[in-house]
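See below for the structure under consideration.
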Amino acid sequence: MNITVALNFLKKLEKNNNREWFADNKPEYEKALKEVKGLFNEVYSGMQVHDEFEKMKVFRIYRDVRFSKNKQPYKTNFGAAFHRVKPRLRGGYYLQIQPGNSFIATGFWSPEKEDLLRIRKEFEMDDQEVRDIISNPKLQSVWGELQGEELKTAPRDFDKTHPAIDLIKKKQFIFSKQFTDAEVIAEGFAQKVSDDFKTIRPFFDYMSDVLTTDLNGVSLIKD
Numbered sequence: 022m023n024i025t026v027a028l029n030f031l032k033k034l035e036k037n038n039n040r041e042w043f044a045d046n047k048p049e050y051e052k053a054l055k056e057v058k059g060l061f062n063e064v065y066s067g068m069q070v071h072d073e074f075e076k077m078k079v080f081r082i083y084r085d086v087r088f089s090k091n092k093q094p095y096k097t098n099f100g101a102a103f104h105r106v107k108p109r110l111r112g113g114y115y116l117q118i119q120p121g122n123s124f125i126a127t128g129f130w131s132p133e134k135e136d137l138l139r140i141r142k143e144f145e146m147d148d149q150e151v152r153d154i155i156s157n158p159k160l161q162s163v164w165g166e167l168q169g170e171e172l173k174t175a176p177r178d179f180d181k182t183h184p185a186i187d188l189i190k191k192k193q194f195i196f197s198k199q200f201t202d203a204e205v206i207a208e209g210f211a212q213k214v215s216d217d218f219k220t221i222r223p224f225f226d227y228m229s230d231v232l233t234t235d236l237n238g239v240s241l242i243k244d
């Protein structure tokens, strides 16, 4: 799926981010949106071969500027999120298309308070399994290191000298990968994204197991 029209539209929108220009160029926007939705659907189809999903969400280009200092009315990217089947399968996927800033991201952006505590308790009890997963050469060749915001010190009721404190302090558990514009418009890009997402499954399988069981391994999912 070639998305050259979408990239070109976004480049022009970045220089003309106002309602008058957007209205005058609405037909080009519609064409760009159709093009990029085709890409998102192609990625989604490829991912359904190796994962289970509730839905795909394509984000609107219109910005909510009510509480923002940035009053530009439009985003300068197209984005889609791919939601796995909850509560059994945890973690999420995201694809963003933007000239010079296209990327994929995956993981846990904003875990619920209870989920974050459960994850930290697991790391406190045993961090070796997750370390083995995130240091796997195949995963790292695609995603690099685990990213995300973290606390400056140990969270309440956790020992700041614990061997797993580097993981326990984390508030987010994210991996991301950038793509050049040339890569985005290259043949096979959708399959490349799907394949890259597939490599994160060991991490998702681990985290899903943690978040659906207690520390004794008893399922928390009600029938």
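Everything in the sequence shown is counted per our numbering, starting at 22 for the first residue and increasing by one.
Glycine residues also receive a C-beta, built at the ideal position from the N, C-alpha and C atoms.
Predicted, not measured: the structure shown is a model, and the values here were computed from it.
According to the DSSP assignment, ILE154 belongs to no beta strand (DSSP E) but to the alpha helix (DSSP H) extending over 149-155. The three-state secondary structure of VAL79, taken from DSSP, is strand. Annotation for TYR83: PRO94, TYR95 and LYS96 place their beta carbon closer than 8 Å to its own, counting only its chain and skipping 5 residues before and after. Relative to GLU166, the option among GLN193, MET68 and ARG111 whose CA is nearest is GLN193. With a cut-off of 8 Å on Cβ pairs, the region 202-211 is not in contact with the region 132-141, counting fewer than three such pairs.
Residue environment: ILE242 is assigned as exposed (fewer than 16 neighbouring CB atoms within 10 Å of its CB, all protein chains considered).
Here ALA44 is exposed. Its C-beta has fewer than 16 other C-beta atoms within 10 Å. When secondary structure is reduced to three states using DSSP, GLN168 falls in the strand class. Check the Cα spacing between VAL57 and each of ASP72, GLU73, LYS78 and PRO176: the tightest is with LYS78.
TYR114 places its beta carbon 9 Å or farther from that of MET146. For ARG222, the enclosing alpha helix (DSSP H) stretches over residues 222-232. Rounded to whole angstroms, the separation of the alpha carbons of VAL214 and ALA207 is 12 Å. By the beta-carbon neighbour count (other beta carbons within 10 angstroms, threshold 16), GLN212 is exposed. The alpha carbon of GLY59 has as its nearest neighbour, out of PHE218, HIS71, GLY100 and PRO120, the alpha carbon of GLY100. Per DSSP, reduced to three states, the secondary structure at SER123 is strand. In the structure shown, ALA185 falls within a coil segment according to DSSP collapsed to helix, strand and coil.
For PHE30, the enclosing alpha helix (DSSP H) begins and ends at 25-36.
In the DSSP annotation of this structure, the continuous segment of the alpha helix (DSSP H) that includes ILE140 starts and ends at 134-146.
Pairwise C-beta distances place the region 111-128 out of contact with the region 179-190, as fewer than three of them are shorter than 8 Å.
When SER162, GLY128 and PRO184 are compared, the shortest CA-CA separation from GLU170 is found for GLY128. Pairing LEU116 with ARG40, the inter-Cα distance amounts to about 26 Å.
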